[in-house]
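Heads up: the sequence shown is residues 5 to 137, going by the working numbering.
The beta carbon of each residue, even a glycine, is placed where N, CA and C say it ideally should be.
What you are looking at is a predicted structure, and each value in this text was computed from that prediction instead of being measured.
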Amino acid sequence: MIKQTFLTIFGAALLLSAAPVFSVAALPAAGQTTSSKTAAKKKHASSKSKKKSKVKGQAAPTPDRIKEIQSALQKDGSYEGEPTGKWDAGTTDAMRKYQDKNGFPATGKIDAQSLNRGQGRSNANHVFRGRAD
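Dropping the structure here:
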């Protein structure tokens with residue numbers, strides 16, 4: 005019985021003496037004032053920056069692609085002048101004419117309806133769809 009009491013008291017003293025060591029280990033080091041929640045947020049935020057950003061929307065057409073579209077509009081009779089590779093006011097007007105002539109909303113912008121009109125209508129159609137014949 006005395007041995008059991010001695011071991012209980014010794015165990016309690018050992019736990020009390022170790023308590024300050026564990027409580028200090030849980031505190032931030034000198035000069036650090038961030039809480040564990042803030043540190044977790046920072047760690048999470050840094051992992052976000054490593055992820056690749058998603059491309060939003062459709063990429064702008066290249067000058068070569070714009071030339072192809074202008075050539076197709078020219079063959080269709082909607083575009084006057086030589087293809088420049090720049091989407092300018094003349095190209096926008098030509099696209100509006102083309103869209104109106106083919107029953108699409110005349111926005112003057114490149115859209116899926118204008119580029120993907122039915123197959124077999126003309127050579128211009130293949131250029132609009134990305135296949136020059």
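N-terminal and C-terminal residue of the alpha helix (DSSP H) that residue i is part of
i: M99; result: A93 to K105
i: E72; result: P67 to D80
i: A110; result: Unbroken run through A110: none, as it is neither H nor E.
Collapsed DSSP secondary structure at residue i in the structure displayed
i: G15; result: helix
i: K60; result: coil
i: T88; result: coil
i: G122; result: Interpretation of G122 is limited by its pLDDT of 38, a score under 50 that renders its predicted location unreliable; the figure taken from the coordinates is listed afterwards. G122 falls in the coil class under three-state DSSP.
Residue i and residue j closer than 9 angstroms at C-beta
i: I73; j: T88; result: no
i: Q117; j: A98; result: no
i: P67; j: I114; result: no
(message) Does the contact criterion of 3 or more C-beta pairs under 8 angstroms hold for the region 95 to 114 versus the region 65 to 84?
(response) yes
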